[in-house]
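K.L.:
Heads up, the sequence shown is in the working numbering, so the first residue is 2 and it goes up one at a time.
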Amino acid sequence: MSSSPVIIGVAQFTQAKKTERPLDPLGLMVKTSQDALSDAGAARLKDVIDCVYVMNLFQWSYRDAPGQLSARLGLKPRQASYLPVGGNTPQLLVNKAARDLAAGRCKAVLMTGAEAIYSLRRASKGDIVLDWPESVPPDRIDGENTNGVDKIEELYDLFFPSFMYPLFETSLRASSGRTPEEHQMYMGKSFEYLSRIASQNPLAWSRQALSAQVIATPAPDNRYVGYPYTKYMNANVDVDQSAAVIMTTEDSARSLGIPEDKWVYPIGGADFNDIWYVTRRPCLHESPAIRHAARIALEQADLTLGDIDVFDLYSCFPSAFEIARREIGIPKNDRRDLSVTGGLPFFGGPGNNYSMHAIAAVVERIRKDRSRKAMVTANGWYLTKHAIGVYAGSPSGQLWDDRDDSPVQRSINAEALPMPVEKASGSLTVEAYVIQHDKAGKPMKGTVVGRLEDGGRTLAVIDAGPEELLQMEKVELVGKQGDVRYDQATGKNMARFNMKV
2 MSSSPVIIGV AQFTQAKKTE RPLDPLGLMV KTSQDALSDA GAARLKDVID
52 CVYVMNLFQW SYRDAPGQLS ARLGLKPRQA SYLPVGGNTP QLLVNKAARD
102 LAAGRCKAVL MTGAEAIYSL RRASKGDIVL DWPESVPPDR IDGENTNGVD
152 KIEELYDLFF PSFMYPLFET SLRASSGRTP EEHQMYMGKS FEYLSRIASQ
202 NPLAWSRQAL SAQVIATPAP DNRYVGYPYT KYMNANVDVD QSAAVIMTTE
252 DSARSLGIPE DKWVYPIGGA DFNDIWYVTR RPCLHESPAI RHAARIALEQ
302 ADLTLGDIDV FDLYSCFPSA FEIARREIGI PKNDRRDLSV TGGLPFFGGP
352 GNNYSMHAIA AVVERIRKDR SRKAMVTANG WYLTKHAIGV YAGSPSGQLW
402 DDRDDSPVQR SINAEALPMP VEKASGSLTV EAYVIQHDKA GKPMKGTVVG
452 RLEDGGRTLA VIDAGPEELL QMEKVELVGK QGDVRYDQAT GKNMARFNMK
502 V
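#1: Does DSSP put T33 in a helix, a strand or coil?
#2: So for E182, helix, strand or coil by DSSP?
#3: List the whole-angstrom C-beta distance separating Y487 from P162, where the pair is believed to meet the contact cut-off of C-beta under 8 Å.
#4: Are there any heavy atoms of the ligand HEM lying less than 8 Å away from the beta-carbon of S176, as far as the coordinates show?
#5: Quick one, which of S243, Q201, A415 has its alpha-carbon nearest G343's?
#6: Using CA coordinates, which residue listed in I291, R45, G394, T171 is at the minimum distance from V476?
#7: What is the residue span of the alpha helix (DSSP H) that G68 lies within?
#8: Round the Cβ separation of A109 and S4 to the nearest angstrom and send it over; I've been treating them as touching at under 8 Å.
#9: Please report how far the alpha carbon of Y157 lies from the alpha carbon of Y228, in whole angstroms.
#10: Just tell me which of P91, I153, L111 has its CA closest to the CA of T491.
#11: Taking 8 Å as the limit between beta carbons, can you name the residues of its chain near I142, skipping five residues before and five after?
#12: Considering only residues of the same chain and omitting the five flanking positions on each side of V502, which have a CB-CB separation below 7 Å?
#13: Going along the chain, which residues of its own chain have a beta-carbon closer than 8 Å to the beta-carbon of A465, five neighbours each way excluded?
#14: Is the region 233–250 in contact with the region 323–332, if contact means three or more CB pairs nearer than 8 Å?
#15: Within the same chain, show all residues whose beta-carbon is closer than 7 Å to that of S212, passing over the 5 residues directly before and after it, in chain order.
#16: Quick test of your reading: T280 and V431, contact by CB under 8 Å. State the CB separation rounded to the nearest angstrom.
#17: Helix or strand or just coil, what does DSSP make of K374?
#18: Among the candidates R336, P139, L102, A290, whose CA atom is the shortest distance from the CA of S62?
#19: Between which two residues does the beta strand (DSSP E) containing I309 stretch?
#20: I believe L460 touches P421 by the beta-carbon criterion, under 8 Å. Please report the beta-carbon distance rounded to the nearest angstrom.
#21: Are the region 331–351 and the region 91–111 touching by the rule of at least three beta carbon pairs closer than 8 Å?
#22: Which same chain residues, not among the five before or five after P283, have their C-beta less than 7 Å away from its C-beta?
#23: Taking the alpha-carbon positions, what's the A302 to I268 distance?
#24: Within its chain, find whatever has a CB closer than 6 Å to the CB of H358; leave out the 5 residues flanking it on each side and keep chain order.
#25: Please confirm whether C52 and L121 have their CB atoms less than 9 Å apart.
#26: Could you tell me which residues DSSP pairs with Y230 in its beta bridges?
#27: What's the gap between the Cα of N494 and the Cα of L93?
#28: So, with DSSP's three-state summary, where would you put I268?
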């Protein structure tokens, strides 16, 4: 007898852009769940599924999405959960389901998610009329739904990922020694690679292969959003996509008559958070959580990094992709695939559910070649919540037990800096920065994170107009010193830089 967890059914769906009567998110989840059930090919599987998980929805919610989904599928789960915000959630759930299945806490698990933001935008423009059920707040969220920013970060408009992730990127750029121009093309080449993969994926939302030059260069259709990121470097949430995964145990799969060539094993996994609030992290271009999660997942799988044949690195922005590569230890010019989909900017970034697509895609690859081994990384909030999984065509010798990883998490948390200085004055040395642009591509505002002379960290708005901000995009501001003062009228710190640019 074996309680080893296995994935037995997967499905993905990308709704055509010109669909006259598009499915709502719940309808998309019904479709992919039905397709995953069909993929498993067991008539009695519906009777066995006792846990249903639905990813948090961005822009169209239901009073009880997991309950409504279960009813439409004819399922009677003892547990039906609607999860908190987080792009890490699909991989987190695979790890949790593997432990629960191995321990006998559940028999079979269905997890799914969807977004239909593209259709919502079409409707808002008057292009179509939606016949969807009313969007209402959920009755409950099963789990802690902590905000990703604190009050100071929110004050400086860092709630928006497009303005937070550039802080990681400018810190990363400065640490690399590349000039702004060199680093812009470095990012362009990384995402040219993703664009090429997406161009060959029939499920990708954007299938035009873009060059590094096009991706890296600001243009009317590729404006800066939060410098140094152009539009093509941002995750594309404006999509209609859904995916679903079904898991059970070897014994259950065998009793249900599911062919073994359908089975794919999650053989290692780990989940950690980096220090929760970005401005408390000692280094803005590192992720101890990714480093530890990858190491522990590989140890559980009885593999080395060299044994992995294919990866899917979470790619909402270039910094997320690059930091994951560095922390895991993947060499720069590694020839292995680092994405199985084409990434969030090109395949599509369907809210919290992107990694479900990556997991489904690696399952399909392993089914075609059972010797292959894969790693999926998933990220929530601002390089905050991380989950990593390792997959193979056969089980490992290690068990999915209730391992205690809390000492590792405590060691990460112990490095947190004090709360940023709210009312700063004196000399400021820049650690990272972002310049926000409007929809016409003009710079609106710059924000810096930096250190005061006593070592304390603070945030400040750059005291400069549009022309000065444009010039600041041509030089490396990280490492520069400026004068910071607290502005009573705005309640924010203001930083002035006297630079020859």
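The beta carbon of each residue, even a glycine, is placed where N, CA and C say it ideally should be.
P.N.:
From the atom records:
#1: helix
#2: In the three-state reduction of the DSSP assignment, E182 falls in the helix class, which pools H, G and I.
#3: Taking 8 Å as the upper bound for CB-CB distance, Y487 and P162 are not in contact here, some 27 Å apart.
#4: Ligands are entirely absent from the displayed structure, and the ligand HEM is therefore not among its contents.
#5: Q201
#6: T171
#7: 66–74
#8: About 12 Å separates the two Cβ atoms, so there is no contact after all.
#9: 15 Å
#10: I153
#11: Within the same chain, N57, Y83, L84, P85 come within 8 Å of I142 by CB-CB distance, once the 5 residues on both sides are set aside.
#12: For V502, the pLDDT reaches just 46, beneath the cut-off of 50, and the residue's location in the model is therefore unreliable, although a value from the coordinates is still provided. Excluding sequence neighbours, V502 sits near Q472, M473, K475, V476.
#13: G447, M473, R497, F498
#14: no
#15: Around S212: E193.
#16: That pair is no contact at about 14 Å.
#17: strand
#18: Check the Cα spacing between S62 and each of R336, P139, L102, A290: the tightest is with P139.
#19: Segment: none, I309 is in no beta strand (DSSP E) and carries neither H nor E.
#20: Your pair L460 and P421 checks out as a contact, with CB atoms roughly 6 Å apart and the cut at 8 Å.
#21: no
#22: E416, L418
#23: When rounded, the distance between both Cα atoms is 5 Å.
#24: Q13, A244, T342
#25: no
#26: G227
#27: 38 Å
#28: strand
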